[in-house]
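Take a look at the structure set out below.
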Amino acid sequence: MNNKLAWRGGILVVVMIWSLIQLYPNVVWYSLPLAQRQEQAKRKNPLAKKVVPLGLDLQGGVHLVYQVDTSKLPDESDATVSKAIEQNMVVINNRIDGLGVANPLIIRQGREFIVIQLPGVYASEDAKSIIGKTALLEFSLVRDHESMVKIIDEIQKRGLRPEDVSAGKLPEDILKMVPAGMVVRPQREGGYILLESTSAITGKYLKLARVD
12 MNNKLAWRGG ILVVVMIWSL IQLYPNVVWY SLPLAQRQEQ AKRKNPLAKK VVPLGLDLQG
72 GVHLVYQVDT SKLPDESDAT VSKAIEQNMV VINNRIDGLG VANPLIIRQG REFIVIQLPG
132 VYASEDAKSI IGKTALLEFS LVRDHESMVK IIDEIQKRGL RPEDVSAGKL PEDILKMVPA
192 GMVVRPQREG GYILLESTSA ITGKYLKLAR VD
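Going left to right, the sequence shown walks through residues 12 to 223 as my numbering numbers them.
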């Protein structure tokens, strides 16, 4: 009898310890201010992936529904509409990554609707302006210039984020280092490049896009 009680007690202790270990990341994460959680999510903090996601019912947030304008598609067949939905969901997902939202929900609803839920986001107008803005495809020429070494060095010294650089939020003294007619942009795989500020080609010349 005593052995059975000891085994049960031991199992109970192990379960409690395991539960506390699983709960600890949630306590740490949700004790942070919202702005700090969003900043850490943007920086891909591994802790954000370990927490139990709280939906809109528990922490509030933004609920958006978008409808694809099928009148601008080449045709309104189910295959064409589905492809447009998939492409829009990829674009929306990339934009939400920039918002630093942990555990967003992006799903298709019906034939031509996309539902977006952003738990913990309360600036709904800002979210709508970022998600709903018109995408612009641009091709710009990359230029080599000796000033890039100093520019990158200053960016790293001051701990500037890639999103600050892409938004043009560079300090005035760094902007003076950028050659006339050029802009600095972050690369997806890391690092920075110098581009001509005037696009050589834009998406208006694109008639059809597909993966091949």
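Virtual Cβ for every residue (Gly too), placed ideally from N, Cα, C.
Residue i, buried or exposed, once every other Cβ within 10 Å from all chains shown has been counted against 16
{"i": "residue 118", "result": "exposed"}
{"i": "residue 186", "result": "exposed"}
{"i": "residue 176", "result": "buried"}
{"i": "residue 72", "result": "buried"}
{"i": "residue 169", "result": "exposed"}
{"i": "residue 138", "result": "buried"}
{"i": "residue 159", "result": "buried"}
{"i": "residue 16", "result": "exposed"}
{"i": "residue 182", "result": "exposed"}
{"i": "residue 217", "result": "exposed"}
Reduced DSSP secondary structure (H/G/I, E/B, other) of residue i
{"i": "residue 209", "result": "coil"}
{"i": "residue 194", "result": "strand"}
{"i": "residue 200", "result": "coil"}
{"i": "residue 50", "result": "helix"}
{"i": "residue 136", "result": "helix"}
{"i": "residue 97", "result": "helix"}
{"i": "residue 4", "result": "The question about residue 4 has no answer, for the chain in this structure spans 12 to 223."}
{"i": "residue 44", "result": "coil"}
{"i": "residue 180", "result": "coil"}
{"i": "residue 86", "result": "coil"}
8 Å contact criterion, which residue i and residue j should meet: CB distance rounded
{"i": "residue 79", "j": "residue 99", "result": "6 Å"}
{"i": "residue 107", "j": "residue 115", "result": "5 Å"}
{"i": "residue 152", "j": "residue 207", "result": "5 Å"}
{"i": "residue 96", "j": "residue 123", "result": "7 Å"}
Cross-strand partners of residue i (DSSP beta bridge)
{"i": "residue 127", "result": "75, 117"}
{"i": "residue 154", "result": "205"}
**Three or more C-beta pairs below 8 Å linking the stretch 146-163 and the stretch 192-208** = Touching, yes.
**Request:** Tell me, please, whether the stretch 85-94 touches the stretch 26-36 by the rule of three or more beta-carbon pairs shorter than 8 Å.
**Result:** no
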